[in-house]
Amino acid sequence: MSADVDPEPQGQPAGDEPQEDLDEAVLEVAEDDAVGDGPHESELFESAGHRRRRRAVQAAAGVVFLMVLGVGGAAAFSALRGEVMPGTRVAGVNVGGMDEAEARRTVAGAVRGTVEKTVTLTVGTIGTEQVDPATIGIRLDVDATVDKLLDLGAGDLFSPVRALLGHRTDVEPVLDVDPQAGRAELTKQLAGYQRVAHEAELKTPKPKPLLLDKGTTSWTARDADVSYEPAEGGRSVDVGAAFSAVRAAVEKRSGTATVAVRETEPKVDDSQAERVDQLIGTFTTEHPCCQARVTNIHRMAELVDGTVVAPGAKFSLNQKVGRRTTQNGFVYAPAIADGEHVEQVGGGVSQFSTTLFNAVWFAGLRSDAHQPHSQYISRYPPGREATLDYDTIQNIFTNTTDTPVVIRTATTATSVTVALYGHTGERTVTSTTGPRIPRENGGFSIYVTRRIEDDGTVVGTERIGWGYQPTAP
Numbered sequence: 001m002s003a004d005v006d007p008e009p010q011g012q013p014a015g016d017e018p019q020e021d022l023d024e025a026v027l028e029v030a031e032d033d034a035v036g037d038g039p040h041e042s043e044l045f046e047s048a049g050h051r052r053r054r055r056a057v058q059a060a061a062g063v064v065f066l067m068v069l070g071v072g073g074a075a076a077f078s079a080l081r082g083e084v085m086p087g088t089r090v091a092g093v094n095v096g097g098m099d100e101a102e103a104r105r106t107v108a109g110a111v112r113g114t115v116e117k118t119v120t121l122t123v124g125t126i127g128t129e130q131v132d133p134a135t136i137g138i139r140l141d142v143d144a145t146v147d148k149l150l151d152l153g154a155g156d157l158f159s160p161v162r163a164l165l166g167h168r169t170d171v172e173p174v175l176d177v178d179p180q181a182g183r184a185e186l187t188k189q190l191a192g193y194q195r196v197a198h199e200a201e202l203k204t205p206k207p208k209p210l211l212l213d214k215g216t217t218s219w220t221a222r223d224a225d226v227s228y229e230p231a232e233g234g235r236s237v238d239v240g241a242a243f244s245a246v247r248a249a250v251e252k253r254s255g256t257a258t259v260a261v262r263e264t265e266p267k268v269d270d271s272q273a274e275r276v277d278q279l280i281g282t283f284t285t286e287h288p289c290c291q292a293r294v295t296n297i298h299r300m301a302e303l304v305d306g307t308v309v310a311p312g313a314k315f316s317l318n319q320k321v322g323r324r325t326t327q328n329g330f331v332y333a334p335a336i337a338d339g340e341h342v343e344q345v346g347g348g349v350s351q352f353s354t355t356l357f358n359a360v361w362f363a364g365l366r367s368d369a370h371q372p373h374s375q376y377i378s379r380y381p382p383g384r385e386a387t388l389d390y391d392t393i394q395n396i397f398t399n400t401t402d403t404p405v406v407i408r409t410a411t412t413a414t415s416v417t418v419a420l421y422g423h424t425g426e427r428t429v430t431s432t433t434g435p436r437i438p439r440e441n442g443g444f445s446i447y448v449t450r451r452i453e454d455d456g457t458v459v460g461t462e463r464i465g466w467g468y469q470p471t472a473p
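Residue numbers for the sequence shown follow the working numbering, so the first one is 1 and each next one is one higher.
And the structure:
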């Protein structure tokens with residue numbers, strides 16, 4: 001019987017027939033046994049082998065068919081170079097089978113109309129804007145899109161086969177995007193949705209000279225007549241986010257986009273403004289009339305007047321006033337630089353800096369940065385004064401209260417006054433100036449102590465000291 005059995009297929013272990021063939025063979029044997037006229041066992045295995053050979057031939061024929069079809073399709077594709085693959089759509093528009101000229105006309109017309117259609121941009125809950133993509137720098141790139149269509153299927157053997165079998169191919173259009181120009185244009189269109197927050201406008205009395213002592217003295221906060229105009233919240237729209245939303249809508253061809261509106265609160269609102277009801281600190285220094293330095297003192301006072309320092313915020317005199325230049329209203333006047341007496345633009349502004357420092361000192365606020373002069377000048381309180389230089393010497397303080405502080409200034413021909421309005425309750429600040437301690441170089445050192453009492457309880461003490469060089473002859 002073994003001589004009649006077909007050889008086993010290569011790689012198939014002897015005697016290990018595929019289960020499907022064995023099942024069918026067993027079924028045939030069972031049927032033949034039932035009628036009493038079954039085939040010989042050798043005929044049974046010949047039938048199974050025949051079926052295996054038939055299936056192998058069919059599979060090979062299928063592969064050959066696909067290869068022939070693919071080669072034929074590829075040949076057809078090569079012959080049709082310059083035409084768009086059949087079954088191709090771009091942005092939903094059918095361009096299959098078109099030559100280059102027709103495809104270009106279709107892309108520049110119907111496709112452009114689909115891609116660059118107006119987008120309805122919803123701006124928060126405020127309103128909507130009709131945005132033209134082309135106007136904000138989002139345009140269809142016709143040349144690049146046509147090239148993409150004509151190159152479709154290049155290098156893919158079976159792409160023509162799929163096309164000939166009716167397969168549909170959707171191609172994304174190519175966009176030409178200019179984000180910088182687009183955001184600039186969109187900024188103009190969304191300008192009406194932007195609103196700057198306005199702080200409560202505090203109105204305080206004009207300061208008068210009340211405290212001029214250069215030595216030991218004290219100050220107690222007192223009531224003041226303060227009013228305010230209500231604050232107004234602001235809102236802002238992120239133009240970059242709006243541009244991205246419109247671009248996404250164009251790419252998806254949805255026709256709609258949304259962008260959020262962010263509400264912005266004023267730094268000083270009505271609830272804070274209504275608590276400003278006291279003159280919490282003040283100081284006045286005097287100067288001779290009509291000197292060039294007076295112009296600079298008064299100019300700095302003018303620039304600072306009315307500044308509001310929010311609770312917890314810092315105030316920098318240099319940052320507020322800016323560099324002292326003739327363009328900024330300052331003039332040449334005597335100053336001390338590196339211990340030398342020189343003429344410079346803005347000379348004399350240290351007098352305003354000293355006046356501000358003392359107002360802060362007697363308000364019980366925290367001074368974060370200040371520096372006395374290198375040489376003592378008799379018009380200032382010794383040890384309790386502050387020079388200023390834009391690049392190297394700062395005068396900075398922090399509003400350590402929970403109420404806004406309003407800086408007001410006033411000038412006369414012979415004086416400058418700084419007053420701070422806010423609320424510190426029953427606060428008394430006592431400043432004690434120590435003796436002058438001679439130094440070996442001819443100058444002197446001095447210490448000044450500040451004691452802060454709230455409602456009769458000492459809540460803080462501070463001691464500052466400084467060593468002065470001899471005054472130049």
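A virtual CB, placed ideally from N, CA and C, is assigned to each residue, including glycine. These numbers come from a predicted model, not from an experiment.
When the distance is taken between beta carbons, is residue j closer than 8 angstroms to residue i?
| i | j | result |
| --- | --- | --- |
| G233 | E263 | yes |
| H287 | Q351 | yes |
| L175 | L202 | no |
| T120 | G255 | yes |
| R247 | A91 | no |
| T88 | G96 | yes |
| Y193 | V261 | yes |
| F283 | N399 | no |
| V111 | P173 | yes |
| R324 | Y380 | no |
| A413 | C289 | yes |
| R408 | G306 | yes |
| V429 | T204 | no |
Residue i and residue j look like a contact to me (Cβ under 8 angstroms); what is the Cβ gap, rounded to whole Å?
| i | j | result |
| --- | --- | --- |
| R436 | E453 | So it is not a contact: roughly 27 angstroms between Cβ atoms. |
| S445 | G425 | With a Cβ gap of about 35 angstroms, S445 and G425 do not count as contacting. |
| D277 | V309 | No, D277 and V309 are not in contact; Cβ-Cβ is about 16 angstroms, not under 8 angstroms. |
| N395 | S353 | 5 angstroms |
| W361 | S431 | 7 angstroms |
| D368 | K314 | 7 angstroms |
| Y468 | G434 | Not quite, the Cβ-Cβ distance comes to about 14 angstroms (not below 8 angstroms), so this is no contact. |
| A419 | P207 | 4 angstroms |
| A242 | L190 | 6 angstroms |
| V146 | A103 | 6 angstroms |
For residue i, count neighbouring C-beta atoms within 10 Å of its own C-beta (all shown protein chains included) and say buried if the count is 16 or more, exposed if not.
| i | result |
| --- | --- |
| L150 | buried |
| V459 | exposed |
| D455 | exposed |
| E302 | exposed |
| V416 | buried |
| H341 | exposed |
| E83 | buried |
| R450 | buried |
| P404 | buried |
| G322 | exposed |
| A231 | buried |
| G312 | exposed |
| G109 | exposed |
Tell me the rounded alpha-carbon separation between residue i and residue j.
| i | j | result |
| --- | --- | --- |
| A257 | R183 | 15 angstroms |
| G124 | T187 | 16 angstroms |
| A181 | G137 | 6 angstroms |
| L279 | S244 | 51 angstroms |
| A200 | E229 | 5 angstroms |
| I377 | T471 | 8 angstroms |
| F397 | R366 | 6 angstroms |
| G348 | D238 | 45 angstroms |
| T457 | G364 | 14 angstroms |
| H370 | N441 | 24 angstroms |
| I126 | P133 | 21 angstroms |
| G346 | Q291 | 12 angstroms |
| G113 | R235 | 35 angstroms |
| P179 | E251 | 15 angstroms |
| V115 | V177 | 13 angstroms |
| T461 | E129 | 60 angstroms |
Taking 8 angstroms as the threshold (beta carbon to beta carbon), is residue i in contact with chain D?
| i | result |
| --- | --- |
| P173 | Included in the structure is just one protein chain, with no chain D present. |
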